[in-house]
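Structure, as structure tokens:
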Amino acid sequence: MSVVIDHRPGKQTNPDPVKPRRDPAPSRLKYRLERMWLKPLYRRTLRVGLPAFLIAMVAGIWLSDEDRRAILKDGVTSVVTQIQSREEFQVHSMTIEGASPVVERAVQGMLPVDLPASSFDINLPALRIQVMQLDAVESIDLRVKPGGVLSAVVKERVPAILWRRTRGIEILDRGGHRVASVTSREVRPELPLISGDGADLVTEEALNLFDAAGPILPRVRGLVRRSERRWDLVLDHGQTIMLPAKGAVVALEAAIALDRAEDLLARDITTVDLRDPSRPVMRLGLDARNTIRDARSLPVLGPDGNPVDDKT
Amino acid sequence: MADLYQTQRAMRNMRRAALQRGVIGILDIGTSKIACLVLRFDGTGTFRETDGVGPMAGQVNFRVIGAASTRSRGMRRGQIETMAETERAIRTVVAAAQKLAGVRIDHVIACLSGGSPSSYGLAGEIDLAAGKVAEHDVAQVLAACEAPDFGRGREVLHAQPVNFAVDNRSSLADPRDHVGNKLFCDMHVLTVDGDVMGNLVQCIRRCDLELAGIASAPYASARASLVEDEQELGAACIDFGGGGTGVSIFIKKHMIFSDHVPIGGNLITQDIAQGLRVPLPVAERLKTVSGGVEATGQDDREMIDVGGNTGDWETDRRSVSRADVIGVMRPRVEEILENAREVLDAAGFDYMPSQQIVLTGGGSQIPGLDGLAARILGPNIRCGRPLRIDGLAHELTDPSFSSAVGLSLFAAHPQDEWWDFEMPADNYPGRSFRRAYRWFKNNW
Chain A
1 MSVVIDHRPG KQTNPDPVKP RRDPAPSRLK YRLERMWLKP LYRRTLRVGL
51 PAFLIAMVAG IWLSDEDRRA ILKDGVTSVV TQIQSREEFQ VHSMTIEGAS
101 PVVERAVQGM LPVDLPASSF DINLPALRIQ VMQLDAVESI DLRVKPGGVL
151 SAVVKERVPA ILWRRTRGIE ILDRGGHRVA SVTSREVRPE LPLISGDGAD
201 LVTEEALNLF DAAGPILPRV RGLVRRSERR WDLVLDHGQT IMLPAKGAVV
251 ALEAAIALDR AEDLLARDIT TVDLRDPSRP VMRLGLDARN TIRDARSLPV
301 LGPDGNPVDD KT
Chain B
1001 MADLYQTQRA MRNMRRAALQ RGVIGILDIG TSKIACLVLR FDGTGTFRET
1051 DGVGPMAGQV NFRVIGAAST RSRGMRRGQI ETMAETERAI RTVVAAAQKL
1101 AGVRIDHVIA CLSGGSPSSY GLAGEIDLAA GKVAEHDVAQ VLAACEAPDF
1151 GRGREVLHAQ PVNFAVDNRS SLADPRDHVG NKLFCDMHVL TVDGDVMGNL
1201 VQCIRRCDLE LAGIASAPYA SARASLVEDE QELGAACIDF GGGGTGVSIF
1251 IKKHMIFSDH VPIGGNLITQ DIAQGLRVPL PVAERLKTVS GGVEATGQDD
1301 REMIDVGGNT GDWETDRRSV SRADVIGVMR PRVEEILENA REVLDAAGFD
1351 YMPSQQIVLT GGGSQIPGLD GLAARILGPN IRCGRPLRID GLAHELTDPS
1401 FSSAVGLSLF AAHPQDEWWD FEMPADNYPG RSFRRAYRWF KNNW
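If you read the sequences in order, they're chains A and B. So the first sequence is residues 1 to 312, counted in our numbering. So the second sequence is residues 1001 to 1444, counted in our numbering.
The structure is reproduced here in structure tokens:
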């Protein structure tokens, strides 16, 4: 295809103006600027310092006005509220699992009742700490489940032992933590009874002793903590087995073995003193002592432990 | 010579400052190309055996982090002809190298190829009053070298002590603490035209660069391309440049002679352009792509289109055979080699213990040059490539960059020059405090 060339004056176009060859050398100014740019200080100032300063200055100027600050604050708050009050974040119902009816009522009273609420407004750790103040609750697993359900999985403390103290009788769990109070021993006859100061600190040992008491368990009335140091096993008929501070279980087993061999506890013995396990000591009852004194023709002892004067 | 001493010492201090900063630039301003290397000095032991660079010649304490080369402008015969053009070329190459390196260079070491260098061997002797050579005796014997009249406007570029002798014990590298009565020294002095050097310095100054050292181009390329044995046993290095051919002779690791033949590769290009009537760029291309010095039968059949832009069909469709190109090139190459031979003869190279000759520079890449040179210069010829230095790109390792590499070595490990020694006390201006201090230091 041929190109029509217009030869009229003033209509000619110069198709290929001769361009001057570009000088590859940088101009003196460009060279100097490049070298300045390669100075680390300039570079850092221009690339980090200047933008940071500009942003800070613009933000500062904009925020210097009270109204603008209020608008910004309101805007942020409304956006946050809007998001938090979305249907997806609402908690509609609550489930409590693993709790007895009494505990369930108590937990329900503690957890927020004003449902539906946003899950952002429910402070689960605070609620958990609040519920954990209930003695009957060992642990609680609080979580917001999908579908807007506040689920509380409660693990209750298992009553293991009764502790008689001045203020009344309390139920303890295996670890010695209070579970509840009872008004009398007969409410929970199946639980063993301990008493004495500091007995709740060593419930584990007390339970072991009750386990070891096996054959004489029907006769056992309870364990008494002495001086927060050692146990006395109190049997019926006023008999007591005094156990050492260390190795109480072994000592009790030795006493039971002695009972089996010698029928010890069926005799008139008020106290079996095993505080020194290598040297068991028996304290005889009044009748037994009077029998011996009688045989030795000594004056018999009265119920107060003093010899009865025959003359009076 | 005191002001020369001061300027050279100032350059040495500048070099020390640059090494402390860790970055120094190398500027090889040639007639056909300008190369700039950016060296980073980052302690010793940075070389990695896996890169294939061993701890060669102890030059492991620096690394090339940026390198660029560009066509030279405004230069002729190794000298600056148009200052502004050369300045632009320097700016181009320095900007490119800086961009590659990512750091700014403030100090450069440059080399001077032209300036009609002439070398002198000077000898000096002093009596040792103490019967032992002390530090200041070395400086004194160097100052005692009787300098001939170098001529008007000549500047000393190198003044290297080559040899020391105490009484009859010669070829001492370090005469200090030798016992004797007389101390002799031989010094090699290379002078160049002061104005040529001043132009170069001015050009570099105008590019906002500080000059941290200046070396002669034949010296630099010999340091890069002669291996250690050749420098020790004696060898000549012939640097085929664009504007001229540099000749330098080394023995015992010292340059003892240097000269410059003002015929170079550009003249070959000019011959081709004139002989085959082609433009200079085409002639340059013919020279580099299909140049040679030995024509064979194959070359007669190998036709090369030279083209043209004249508009004349006949002229634009010309083609020449490779043999034609070789026929034009060979006489000029022979002339260069014969001139180099004359220079070597004048220097007494025949009496050297070793007749090794190393060809380097861009012109040494002409195929068959070593065969031709062996006929003219002597049997022991090899084409030398510069020493490999850490971080230099492969395309910058060909012989035309040997003076740039040599300048890097010069920057890293400069040889002792006269101005590296303390100036003797009597050369200080009278009644100077330093003079008194020096006198006390030397005599107590």
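Glycine is no exception: its CB is placed at the ideal position from the N, C-alpha and C atoms. From a predicted model like this one, the values you see are computed outputs, not experimental measurements.
* **Bounding residues of the alpha helix (DSSP H) (the contiguous stretch that carries Ile1024(B))** => Ile1024(B) -> not in any alpha helix (DSSP H); beta strand (DSSP E) instead, spanning 1023-1029.
* Asked: Using the C-alpha atoms, what's the distance from Phe1421(B) back to Met1014(B)?
  -> 16 Å
* Asked: Name the DSSP bridge partner or partners of Thr1245(B)?
  -> Phe1240(B), Val1261(B)
* Neighbour flag for Thr1315(B) against chain A, beta carbons, 8 Å -> no
* Are Met1329(B) and Ile1272(B) closer than 8 Å when you measure CB to CB? -> yes
* Flag Ser227(A) as yes when its Cβ comes closer than 7 Å to any non-hydrogen atom of the ligand NAD, and as no otherwise. => The ligand NAD is not part of this structure, which contains no ligands at all.
* To do: Can you give me the Cβ contacts of Met132(A) inside the same chain, cut-off strictly under 7 Å, excluding the 5 residues immediately before and after it?
  => Ile140
* Asked: Are Thr270(A) and Arg283(A) touching if we call contact CB-CB under 8 Å?
  -> yes
* To do: With 8 Å as the threshold, decide whether the Cβ of Thr1092(B) is near any Cβ in chain A.
  => yes
* To do: Measure the Cβ-Cβ separation of Ile1336(B) and Gly1121(B) and say whether it is below 8 Å.
  => no
* **Gly162(A) and Pro192(A) closer than 8 Å at C-beta** => In the sequence under discussion, the amino acid at residue 162(A) is Leu, which differs from the Gly named in the question. It is a contact, given that the beta carbons lie within the stated cut-off.
* What are the partner residues of Val91(A), as DSSP defines its beta bridges? -> Ala117(A)
* **Other residues of its chain near Thr203(A): CB distance less than 6 Å, five sequence neighbours each side excluded** => Ile161, Leu172, Gly176
* Asked: What does Arg1104(B) reach in chain A if we use C-beta pairs closer than 8 Å?
  -> Arg35, Leu38, Lys39
* To do: Classify Thr1070(B) as buried or exposed, calling it buried when 16 or more other Cβ atoms lie within 10 Å of its own Cβ.
  => buried
* To do: Look up Asn1013(B) in the DSSP assignment and say whether it is helix, strand or coil.
  => helix
* **Beta-carbon neighbours of Arg1470(B), restricted to chain A and to distances below 8 Å** => It is not possible to answer for residue 1470(B), since the shown part of chain B is limited to 1001 through 1444.
* To do: Put Val1320(B) into one of helix, strand or coil per three-state DSSP.
  => strand
* To do: Compare the beta carbon distance of Val182(A) and Ile169(A) with 8 Å and say whether it is the shorter of the two.
  => yes
* **Residues bridged to Asn1163(B) (per DSSP)** => Asp1186(B)
* Taking Cβ-Cβ distances shorter than 9 Å, what residues in chain B pair up with Arg32(A)? -> Asp1208
* Cβ of Leu1142(B) within 8 Å of Cβ of Trp1418(B)? -> yes
* Excluding the five sequence neighbours on either side, which residues of its own chain have a C-beta within less than 7 Å of the C-beta of Ala245(A), listed in chain order? -> Arg229, Arg230
* **Expected contact under 8 Å - CB spacing of Pro1262(B) and Arg1077(B) to nearest Å** => 5 Å
* Is Val1227(B) helix, strand or coil by DSSP? -> coil
* Check Ala1144(B) in the structure and name its three-state DSSP category. => coil
* Asked: Do Cys1185(B) and Ala1097(B) come within 8 Å of each other at the CB atom, strictly closer than that value?
  -> no
* Element boundaries [beta strand (DSSP E), containing Val224(A)] -> 220-226
* **Burial state of Val58(A), where buried means 16 or more other Cβ atoms lie within 10 Å** => exposed
* Asked: Going by beta carbon distance, what residues of the same chain come within less than 8 Å of Cys1207(B), once the five residues before and after it are set aside?
  -> Glu1087, Ile1090, Arg1091, Val1094
* Kindly indicate which three-state DSSP category Ala126(A) falls into: helix, strand or coil? => helix
* Asked: For the candidate residues Thr1007(B), Gln1006(B), Gln1008(B), Arg1012(B), whose alpha-carbon lies nearest to that of His1468(B)?
  -> Given that chain B is displayed from residue 1001 to residue 1444, the structure contains no residue 1468(B) and the question cannot be resolved.
* Asked: From Gly1114(B) to His1260(B), what does the alpha carbon distance come to, in whole angstroms?
  -> 7 Å
* Report yes if the CB atom of Gly1362(B) is closer than 8 Å to the CB atom of Pro1386(B), and no otherwise. => no
* Asked: Should Ala1017(B) be flagged as near chain A, meaning a C-beta pair shorter than 8 Å?
  -> no
* Through-space distance from Arg68(A) to Asp114(A), alpha-carbon basis -> 36 Å
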